[in-house]
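Novice: The structure's right below; bear with me while I get my questions together.
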Ligand SMILES: Nc1ncnc2c1ncn2[C@@H]1O[C@H](COP(=O)(O)OP(=O)(O)O)[C@@H](O)[C@H]1O
Ligand SMILES: [Mg+2]
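Set out below in structure tokens:
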């Protein structure tokens, strides 16, 4: 890290500390926690774009899958729902996978000719209806079990941090599927494929109530850290808060946030260390050789397609991990909250602003952009107050301007991205 | 009779809505494909350009309405449309001047322009929400139906009604006119041919004395018109909501890619292919089958292949299938 | 990683968002320059002491001079990679020179863009990608005449008279034609501006010997109408036979310069470049 890089990090730290002093330490820590998660997402995208030039605009989907991983691992199982339709749903899913695998087999085994598409169509249509015949009643049965509180299968009741790994694995699995199809004919069609799959993942999460309650949301996810109310009842904690001269309620929220920050920071540091090590290894050198001159790398017998698939899966898994962490931090899983601008394109802004191809850059971008994302609204509100101060109270224009402040953040993100692209196209911390 | 009823139901709920939707997607995809052909990148801001153009048109519509201007029985928005197009064209030309031109001079790689268009997308998205708000707006006025279901039933004596909304009729007629004009322009005018030449072989176009900046400017103006028309037609037919327009990006890209990026004909074919599959896969066929099947075989469920929430999945699956088997799209685009 | 960050695409080849069919030139002369009148003597067109290379890369041309007189044929020959195409691009302004000048008809045009040179009566047929493949033959010709505002039908007829096969194929996309026919379209497109000087970069590349003879005949025919021709040719012997003047380039510099006949007779040139 050069002195310039270090001072950039110091500036971001000062911005967050300023939030602590001027607003509250609670808000500052909230920014830190989401900044850490954003930094991890940015790391994931940076692996794909920065090191392999892969254009993933379905980050949202992988993040949401990560959240699903946390839910299905950590939530307690709903026994009656399992009894009502658990095995049947699983067999329906197996049937679905079998149909598709069978279709692929048929396509490969059968000879070219008019018979092949005909047989394939019949196979797929039959498979689809069979699947629906098994699937639909099971889903109805599960969703009928106390729909107001559960109406889904629940999870496995395992520790939530295990769910983070599961989230990463789910994202990796999805990435494998997409990458297999969309990477490396003569050219890729990854961009449109990821854009589409992300929307589909969100549609599934909104609709498949049996899986994660759909738009009814899953709330009350177990935590890896203590609960505020428990802390406030612990004599030991109260004594320590007293010693620091803090209100016990504030102290408990700060403590919980600090715990999260600690865990997240460890994971972030581990990821940075891992990716830096990987980059310096022969594997990393090869990745860069491929990126900088694919033709030459191919001529040297490197399997470009396989490398691209690898790094696409790795990057997506990191995004999934971040998504699981975020769902845990929120304590709830809300499918309708996943919006592409926030979860895909904002992460891209982080990577580009921070510096494509540089892990530290991605981390810096994650923190900085998240800080702006949060703070543009109060800043904008202040600005609008100033701008409109000359106008009469209650004039429609003034009301409109004040009401519209919330949308300033999108505008600001666009302006930041364009400014950086134009005047510092390699980002704040360029690739060495 | 039952067969006729079934067909009318199908036309009413699938064929007509899908045709209108397909026309809207086709117009959107034409804009995407033109930018891809001439400026050589996929414009992520296209959905938001449509939203911007529609917003301006809505604002003019409100203004005209407040002055008592009306085209009754046609929607007032049609009178506002030219103004929406002009303002959007000015916006796009301004964006090109301030943002994109620099990268052209730098001979920037297309993927850099894609990222630049993300920035423009954010700005337009914020701008539209800032000006008109994120909420749904309905701005269709005038006569609601060309043929209402009741009239149709009375005229034909059929059990099933066929309604054609004015907006659907306008969509289809406008789309036909716009597409005809566009193809005439590209095929028969000097400027249109120079655009095709530029798209085909940029260096040779320069050697022939074609001015690239002029080609680019004209492209933006045409794209502004296409995007605004597509957006206004969609908004009249359904409703205007900034986020919905942003989300139209996926089916529009899918349409342009399925058709073969860079091919105007492909964009149209792609638009209709995507629209028809979306609507027909997510339609509940209970009613249609009810007419066709004997009494005792009538289906119990809705007979819906996929819930409407999965409509994006349909565009996506079609896209993947086409790309797997025909990597250049239906009409060989510039991507071969 | 390339020097220009805007040109760094990180090896991305995602065709759903990017169209790779764009311009391949990197260093064309930028707009804003003017032509300056110099003395009226000297050749009709001359690239005088040209030095330069692509982008910020090394010099490929080293003090290289090529020229053509009014109504004459000048031929550039030399081994592969000698810089023949580069010299042609430099004369046409598709490469910004670091040293030397280009003069046309007594004017210094070094700072003019390629388009401005077209307007001044220069025409160029590049070595590759020299037709609009998706457009019909006739549209190709129309695009060649893009700068003209007068009636072009007579010129189109002249081109069809020169290359009769094109008349039959005029409604066919040029990309569907055979190699020889494509070259005819390319030359025809360049003739549409009724240029004073026609520059051809390997017009006979990849065509059969019969078609090649035919093309040479047509080129001589064009020269007889008073158009100067500056041409790069692989088939050095045949080209020098029809050349008034010949330039032999080696590693971006002039190795031999003389009349075509003299070069053909020069034992050194024969041994090194004409295979004995
Ligand atoms: N677009 C380009 N960018 C960089 N170098 C180039 C480019 N085109 C050609 N060169 C280099 O310039 C040299 C001369 O090439 P060229 O002029 O095409 O040779 P010739 O036409 O005589 O075969 C070669 O070394 C080639 O590698
Ligand atoms: Mg050459």
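Chains as they are written, first to last, in UniProt numbering: chain A, 1 to 432; chain B, 1 to 336; chain C, 1 to 276.
Each residue gets a CB set at the ideal place from its N, CA and C atoms; glycine is no exception.
Taking the Cβ atom as the reference point for each residue, do residue 97(C) and residue 54(C) lie within a distance shorter than 8 Å?
Specialist: Cβ atoms of residue 97(C) and residue 54(C): not closer than 8 Å.
Novice: Going along the chain, which unbroken runs of the beta strand (DSSP E) with 3 or more residues stay wholly within the segment 373-422 of chain A?
Specialist: none
Novice: Consult DSSP for residue 143(C) and reduce its assignment to one of helix, strand or coil.
Specialist: Three-state result, residue 143(C): helix.
Novice: Provide the residue(s) that pair with residue 202(C) in DSSP beta bridges, ordered along the chain.
Specialist: Paired residues: none, contrary to the question.
Novice: Between the Cα of residue 22(B) and those of 129(B), 71(B), 168(B), spot the shortest distance and give me the residue it belongs to.
Specialist: Closest option to residue 22(B), Cα to Cα, is 168(B).
Novice: Apart from the five residues just before and just after residue 219(A), which ones in its own chain have a Cβ nearer than 6 Å to its Cβ?
Specialist: 332
Novice: Of all Cβ atoms in chain C, is any one closer than 8 Å to the Cβ of residue 356(A)?
Specialist: yes
Novice: Just grab the DSSP bridge partners of residue 107(C) for me.
Specialist: 37(C), 104(C)
Novice: Taking DSSP as the reference, what is the three-state secondary structure of residue 173(C)?
Specialist: strand
Novice: For residue 336(A), which three-state DSSP category applies?
Specialist: In the three-state reduction of the DSSP assignment, residue 336(A) falls in the helix class, which pools H, G and I.
Novice: Give me the Cβ distance between residue 380(A) and residue 427(A), rounded to the nearest whole Å; I'm assuming they're in contact under 8 Å.
Specialist: The Cβ separation is near 25 Å, so there is no contact.
Novice: Does residue 307(B) have its Cβ less than 8 Å from a Cβ in chain A?
Specialist: yes
Novice: Can you give the Cα-Cα distance for residue 18(C) and residue 114(B), rounded to whole angstroms?
Specialist: Looking at the two C-alpha atoms, the distance is approximately 8 Å.
Novice: Among the residues of its own chain, which have a CB less than 7 Å from the CB of residue 3(C), if the five just before and after it don't count?
Specialist: 56
Novice: Taking the alpha-carbon positions, what's the residue 436(A) to residue 120(B) distance?
Specialist: Residue 436(A) is absent from the model: chain A starts at 1 and stops at 432.
Novice: What's the gap between the Cα of residue 222(B) and the Cα of residue 85(B)?
Specialist: 9 Å
Novice: In the DSSP assignment, find the alpha helix (DSSP H) that holds residue 354(A) and state where it starts and stops.
Specialist: Residue 354(A): member of the alpha helix (DSSP H) spanning 346-354, first to last residue.
Novice: Using a Cβ-Cβ distance cut-off of 8 Å, determine whether residue 47(A) contacts chain B.
Specialist: no
Novice: What does a CB cutoff of less than 7 Å around residue 447(A) pick up in its chain, not counting 5 residues either side in sequence?
Specialist: This structure gives no information on residue 447(A), because the portion of chain A shown stretches from 1 to 432.
Novice: Please list the partners that residue 341(A) has in chain E, where partner means a Cβ-to-Cβ separation under 8 Å.
Specialist: No chain E is part of this structure, whose protein chains are labelled A, B and C.
Novice: So, does the CB of residue 36(B) fall closer than 8 Å to a CB anywhere in chain C?
Specialist: It does; some Cβ of chain C falls within 8 Å.
Novice: With a threshold of 7 Å (Cβ to nearest heavy atom), would residue 261(C) be considered close to ligand 2?
Specialist: no
Novice: Determine the burial state of residue 350(A): buried for a count of at least 16 other Cβ atoms within 10 Å of its Cβ, exposed for fewer.
Specialist: buried
Novice: What does residue 247(C) pair with, by DSSP beta-bridge criteria?
Specialist: Checking the DSSP bridge columns, you'll see residue 247(C) partnered with 76(C), 257(C).
Novice: Per the DSSP calculation, residue 232(A) is bridged to which residue(s)?
Specialist: None, per the DSSP bridge assignment.
Novice: Can you check whether the CB of residue 129(C) is closer than 8 Å to the CB of residue 174(C)?
Specialist: no
Novice: Would you list, in chain order, the members of the segment 105-122 of chain B that have their beta-carbon closer than 8 Å to a beta-carbon of chain A?
Specialist: 111, 112, 114, 115, 116, 118, 119, 120, 121, 122
Novice: Let me know if residue 187(B) comes out buried or exposed under the rule of 16 or more other beta-carbons within 10 Å of its beta-carbon.
Specialist: The residue is exposed, with fewer than 16 neighbouring Cβ atoms inside 10 Å.
Novice: Please list, in chain order, all residues with a C-beta atom less than 7 Å from at least one heavy atom of ligand 2.
Specialist: Going by the Cβ distance cut-off, the answer is 84(C), 85(C), 127(C), 201(C), 202(C), 232(C).
Novice: Which whole runs of the beta strand (DSSP E) in the segment 128-178 of chain B are 3 residues long or more, in chain order?
Specialist: 145-147
Novice: Using a Cβ-Cβ cut-off of 8 Å, state whether residue 192(A) counts as contacting chain C.
Specialist: yes
Novice: Quick check: the Cα distance between residue 259(C) and residue 183(B), rounded to an integer number of angstroms?
Specialist: 52 Å
Novice: Would residue 20(B) and residue 252(B) qualify as a contact pair, given that the criterion is a beta-carbon distance under 8 Å?
Specialist: no
Novice: Does DSSP put residue 429(A) in a helix, a strand or coil?
Specialist: coil
Novice: Tell me, please, which residues DSSP counts as bridged to residue 240(B).
Specialist: Paired residues: 137(B).
Novice: At the level of alpha carbons, what is the spacing between residue 3(B) and residue 284(B)?
Specialist: So the two alpha carbons sit approximately 17 Å from each other.
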